[in-house]
Amino acid sequence: MKDHAAAAIVKSGVPDLLFTSHYLYVFRNYPTLCVLGIRGVSEETTTGVHNLYKMMKKGELKMPAINVSDSVTKSKFDNLYGCRESLIDGIKRATDVMIVGKVAVVTGYGDVGKGGVQALRGFGARVIVTEIDPINALQAAMEGYEVTTMEEASKEGNIFVTTTGCEDIIVGHHFENMKDDAIVCNIGHFDCEIDMSWLIKHAAEKINIKPQVDRYRMKSGRHIIILAEGRLVNLGCAMGHPSFVMSNSFTNQVLAQIELWKNTDKYPLGVHFLPKKVSLHTMVRASNAAITWTNGAIYICILQCCGLFHV
Numbered sequence: 002m003k004d005h006a007a008a009a010i011v012k013s014g015v016p017d018l019l020f021t022s023h024y025l026y027v028f029r030n031y032p033t034l035c036v037l038g039i040r041g042v043s044e045e046t047t048t049g050v051h052n053l054y055k056m057m058k059k060g061e062l063k064m065p066a067i068n069v070s071d072s073v074t075k076s077k078f079d080n081l082y083g084c085r086e087s088l089i090d091g092i093k094r095a096t097d098v099m100i101v102g103k104v105a106v107v108t109g110y111g112d113v114g115k116g117g118v119q120a121l122r123g124f125g126a127r128v129i130v131t132e133i134d135p136i137n138a139l140q141a142a143m144e145g146y147e148v149t150t151m152e153e154a155s156k157e158g159n160i161f162v163t164t165t166g167c168e169d170i171i172v173g174h175h176f177e178n179m180k181d182d183a184i185v186c187n188i189g190h191f192d193c194e195i196d197m198s199w200l201i202k203h204a205a206e207k208i209n210i211k212p213q214v215d216r217y218r219m220k221s222g223r224h225i226i227i228l229a230e231g232r233l234v235n236l237g238c239a240m241g242h243p244s245f246v247m248s249n250s251f252t253n254q255v256l257a258q259i260e261l262w263k264n265t266d267k268y269p270l271g272v273h274f275l276p277k278k279v280s281l282h283t284m285v286r287a288s289n290a291a292i293t294w295t296n297g298a299i300y301i302c303i304l305q306c307c308g309l310f311h312v
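Residue numbers for the sequence shown follow our numbering, so the first one is 2 and each next one is one higher.
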């Protein structure tokens, strides 16, 4: 898939070079060189942040890190509204399937899952949610979605979407329960949410329909349609989130880097949240709505407490 942004940069005369193997070589063989002079890192994704916390717990984190993923102006917009649009875009481009009347199973009811179920319901699907967190599961139930286990949902779904950021969400016995030509895709994490290795090993035949769309014939004669090889469907089968919502996220990244550079002493070794005062600047820049609710926000002490405006 062509990267239009990279193509535009190259056309302007700026080299667009990425030597992944060189970076990995340095990281693996000379890790101390990688941290010299670096004041900190910032992480965009939920999965990446989880890995940072794991590194910190194991004593492997070598520099301060800012968790951009959980900034309200990232997670409540990028994860929710971005996925709400790009999920359907990916499924439609890949399959041209008519969603209305289908049973859609969404695993996980976090911000990404919430965006996914809203989109699928909006297109007329009957949505089933699987969720291990009791609070999120109750939220889904109170929004009117059926909440059940994947063991039960795998027998009913026509479209399956994983959104959890975990591994082994859809595994072998779930595939064996699925209806003929069930569509399975992921918008939560790497390809470990869907057990692709099991499917490749146990399928009788793999038929490539078109790029990023594969139809696996099971030994029972049924078929499973996998999008983007189990990787992120909105990137593999479409162009990802709309640019506007991504500008929110990337602005947070820039602000996090500025914060690390200017206020290094405030960030000892560990994983830190982007200060709300800094994060809210993204929202104010992005929306004229800030002008209309300033007085109300002053009343309940939102903006003054954050130090965003002074009256």
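Cβ atoms here follow ideal geometry from the backbone N, Cα and C, with glycine treated the same way.
Since the structure is predicted, the reported quantities are computational estimates derived from the model, not experimental observations.
Length of the line joining the Cα atoms of residue i and residue j
i	j	result
S155	K55	31 Å
T150	E132	8 Å
C35	F28	7 Å
A291	L281	With a pLDDT of 49 at A291, under the threshold of 50, the predicted position of this residue should be treated as unreliable, though the coordinate-derived value follows. If I take the Cα positions, the gap works out to 10 Å.
L241	I89	Residue 241 is actually Gly in this sequence, not Leu. Looking at the two C-alpha atoms, the distance is approximately 11 Å.
G308	I208	With a pLDDT of only 49 at G308, under 50, the local geometry of the prediction cannot be trusted, and the value read off the model is given with reservation. One C-alpha to the other measures close to 58 Å.
G166	D266	32 Å
V312	Q254	Only weak support exists for where V312 lies, its pLDDT of 35 falling under 50; the value from the coordinates is given anyway. Rounded to whole angstroms, V312 to Q254 spans 29 Å at the Cα level.
A120	R85	5 Å
E44	V113	17 Å
F161	Y217	15 Å
P269	M64	8 Å
H224	T74	41 Å
A141	V148	7 Å
G173	M219	11 Å
P212	H273	40 Å
H51	G109	16 Å
S248	V11	21 Å
D134	M143	14 Å
P16	A6	13 Å
F176	I210	19 Å
N68	G237	26 Å
G116	G83	8 Å
D192	I227	11 Å
S13	D79	29 Å
L200	G231	11 Å
DSSP state of residue i mapped onto helix, strand, coil
i	result
L228	strand
A291	Interpretation of A291 is limited by its pLDDT of 49, a score under 50 that renders its predicted location unreliable; the figure taken from the coordinates is listed afterwards. In the structure shown, A291 sits in a helix (DSSP, three-state: H, G or I).
E147	strand
V15	coil
I195	strand
H273	strand
L37	coil
R223	coil
I133	coil
A9	helix
P32	helix
D266	helix
K180	coil
A239	coil
Residues sharing a beta bridge with residue i, DSSP
i	result
K207	Y217
A154	None, per the DSSP bridge assignment.
C186	V162
R127	V104
L233	N187
I171	I195
N- and C-terminal bounds of the alpha helix (DSSP H) containing residue i
i	result
T252	244-263
Residue i CB to nearest heavy atom of the ligand ADP below 7 Å
i	result
A229	As presented, the structure is devoid of all ligands, the ligand ADP included, so that no description of it is given.
Scan the region 42-81 and note each continuous beta strand (DSSP E) run of 3 residues or more that stays entirely inside, going in chain order.
42-44, 66-68
Whole beta strand (DSSP E) elements within the region 74-123, 3-residue minimum
104-108
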